[in-house]
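Enquirer: Take a look at the following structure, please.
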DNA sequence: CCCCTATGTTACCGGTCGGTAACATTTTAG
DNA sequence: CTAAAATGTTACCGACCGGTAACATAGGGG
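Protein chains in written order, with our numbering: chain A, 34 to 214; chain B, 34 to 214.
Quick look at the structure:
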């Protein structure tokens, strides 16, 4: 869905259905034959993003099977890579969350469930990696990964990405050293 | 400005000028005699938030004069306290940022300058606190503080606040131990 | 008391937006 | 080739929104 770029760049509320249709190389009428409302469009877009992220987690899991610390490190590296080519406008999901004040909006539910799944996954990884307080470390990771987006707008995405990777690496190494020694 | 609550709760774009006027216990006309446009209203609101935050930094500085680590710790504690009484809807500034896609919007400029000032301040504090890599540590702090808002929506604001405080405390203590030993 | 200023009221304008109806056109399948 | 299904086109509706004009009402200082 190329229309998603519009949502991300101009904000959900800032882009009209007509523009969405144009970006999707169709027209409003056909759009409304597939989606009942703009909200459904939004929700489907969010669902797509979430699905993509979950897919990435599967990739991560496949590439580092039985290596939780490797997964965590790769996760930070991928995030840093994405940050590098983002520049200015923040996270798509984060912005969408901000633009949908209604807590009962279906798109919000999708996001929340995804967030929860992701968080549980990170906790699980931290536990498997042998962190003494998995919930604590997971929160730390999540906070940084989330915060990097907004923080990068003033520090520069490259630097924030690098530091992100460094922090995660350092935490992982410290943990491994502690377990070994 | 009580109208600011509306901006925060319903989103900038989701609240009309009429509603703003009502919240300010006046009417649209009088509003437009003081503010040229809705964008100016937004900008002034953002300016208010920023001013309040800067004021808090002054407080922090006054309360912990010559004690940079104390400032950092108190900063995290105050943020945690605010998180605790926030529940659901994220950071006002963060959301505003997401809702103003135009990078040349005056409100965005205000936010960006504030972010930059804050970041420099944190770097300065980290340097004064004797952190070996101040830029690195400052980024770490900032990332966590920013990320806590969005992260708290799935973990719970209380827990995220506690962990935030713990992390900062631990970092500070580690640093002090390293300098002493 | 009166004038001047600040505030309130109402109605309105132009524009945009989400969504729909009716009809024309193209594509696909049998 | 033809019938049916999908897609495109145009025009429109009602609602809302940012912003303004004109006028009414207060209210405070001389």
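Beta carbons are placed, not taken as given, at the ideal position from N, Cα and C, and that holds for glycine.
(1) Residues in the same chain with beta-carbon distance under 7 Å from residue 48(B), minus the five sequence neighbours each way, listed in chain order, please.
(2) What are the residues in the stretch 43-65 of chain B lying within 8 Å of chain A by C-beta distance?
(3) If I follow the unbroken alpha helix (DSSP H) through residue 141(A), where does it start and stop?
(4) Which same chain residues end up closer than 6 Å to residue 207(B) when comparing Cβ atoms and leaving out the 5 residues on each side of it in sequence?
(5) Label residue 86(B) either buried or exposed according to how many other C-beta atoms from any shown protein chain fall within 10 Å of its C-beta, with 16 as the threshold for buried.
(6) Excluding the five sequence neighbours on either side, which residues of its own chain have a C-beta within less than 8 Å of the C-beta of residue 44(A), listed in chain order?
(7) Can residue 185(B) and residue 116(B) be called in contact, C-beta distance under 8 Å?
(8) If you follow the alpha helix (DSSP H) that residue 44(B) is part of, which residue opens it and which one closes it?
(9) Going along chain B in order, which residues have a C-beta closer than 7 Å to the C-beta of residue 40(A)?
(10) What residues in its chain sit with their C-beta under 6 Å from that of residue 95(B), if we drop five residues either side in the sequence?
(11) Specify, as a first and last residue, the run of the alpha helix (DSSP H) that residue 121(A) falls within.
(12) Name, please, each residue of chain B whose Cβ falls closer than 9 Å to the Cβ of residue 137(A).
(13) Quick check: is the beta carbon of residue 155(B) nearer than 8 Å to any beta carbon in chain A?
(14) Can you list, in chain order, the residues of its chain whose CB lies under 6 Å from that of residue 212(B), leaving out five sequence neighbours each side?
(15) Compare the beta carbon distance of residue 134(A) and residue 42(B) with 8 Å and say whether it is the shorter of the two.
(16) Determine whether the beta carbon atoms of residue 176(A) and residue 176(B) lie at a separation below 8 Å.
(17) I'd like to know whether the C-beta atoms of residue 64(A) and residue 82(A) end up nearer to each other than 8 Å.
(18) Output needed for residue 103(B): all residues of its chain with C-beta closer than 6 Å, excluding positions within five of it in sequence on either side, in chain order.
(19) Should residue 153(B) be labelled buried (16 or more other beta-carbon atoms within 10 Å of its own) or exposed?
(20) Does DSSP put residue 165(A) in a helix, in a strand, or in coil?
(21) In chain order, what residues of the same chain lie with their CB nearer than 6 Å to the CB of residue 167(B), ignoring the 5 residues before and after it?
(22) Our contact map puts residue 20(B) next to residue 57(B) with C-beta atoms below 8 Å; I'd like the distance itself, whole angstroms only.
(23) Cβ of residue 99(A) within 8 Å of Cβ of residue 180(B)?
(24) From the DSSP output, in three-state form, read off residue 68(B) for me.
(25) DSSP state of residue 133(A), grouped into three classes?
(26) Please confirm whether residue 196(B) and residue 173(A) have their CB atoms less than 8 Å apart.
(27) For residue 147(A), which residues of its own chain have a beta-carbon under 6 Å away from its beta-carbon, when the five flanking residues on both sides are left out?
(28) Got a sec: which bits of the stretch 164-176 of chain B sit with their beta carbon under 7 Å from any beta carbon on chain A, in order along the chain?
(29) Let me check you understand the geometry: is the CB of residue 159(A) closer than 7 Å to at least one non-hydrogen atom of the ligand GDP?
(30) Report all residues from its chain with a CB closer than 6 Å to the CB of residue 123(B); omit the five preceding and five following residues, and keep chain order.
(31) Return the chain-ordered list of same chain residues with a C-beta closer than 6 Å to the C-beta of residue 188(B), the five sequence neighbours on each side being excluded.
(32) Whose C-beta lies closer than 7 Å to the C-beta of residue 51(B) among residues of the same chain, with five residues either side of it excluded?
(33) Take residue 71(B) and list the residues in its own chain whose beta-carbon comes closer than 6 Å to its own, dropping the five residues that flank it on each side.
(34) Going by beta carbon distance, what residues of the same chain come within less than 8 Å of residue 110(A), once the five residues before and after it are set aside?
(35) How many angstroms separate the CA atom of residue 55(B) from the CA atom of residue 68(B)?
Expert: According to the structure shown:
(1) 39, 40
(2) 43, 44, 46, 47
(3) 139-161
(4) none
(5) exposed
(6) 128, 132
(7) yes
(8) Per DSSP, residue 44(B) belongs to no alpha helix (DSSP H) and is neither H nor E.
(9) By Cβ distance, chain B contributes nothing, its closest Cβ being about 10 Å from residue 40(A), past 7 Å.
(10) none
(11) It is not in any alpha helix (DSSP H) - residue 121(A) carries neither H nor E in the DSSP assignment.
(12) Those do not exist, as residue 137(A) stays about 12 Å from chain B at its closest Cβ, beyond 9 Å.
(13) no
(14) 163
(15) yes
(16) yes
(17) no
(18) 97
(19) exposed
(20) coil
(21) 156, 159, 160
(22) This structure leaves residue 20(B) out entirely; chain B is present only between 34 and 214.
(23) no
(24) coil
(25) coil
(26) yes
(27) 83
(28) 169, 172, 173, 175, 176
(29) For the structure depicted, the ligand GDP is absent and the ligand set is empty, with no information on it obtainable.
(30) 182, 183
(31) none
(32) 61
(33) 50
(34) 198
(35) 15 Å
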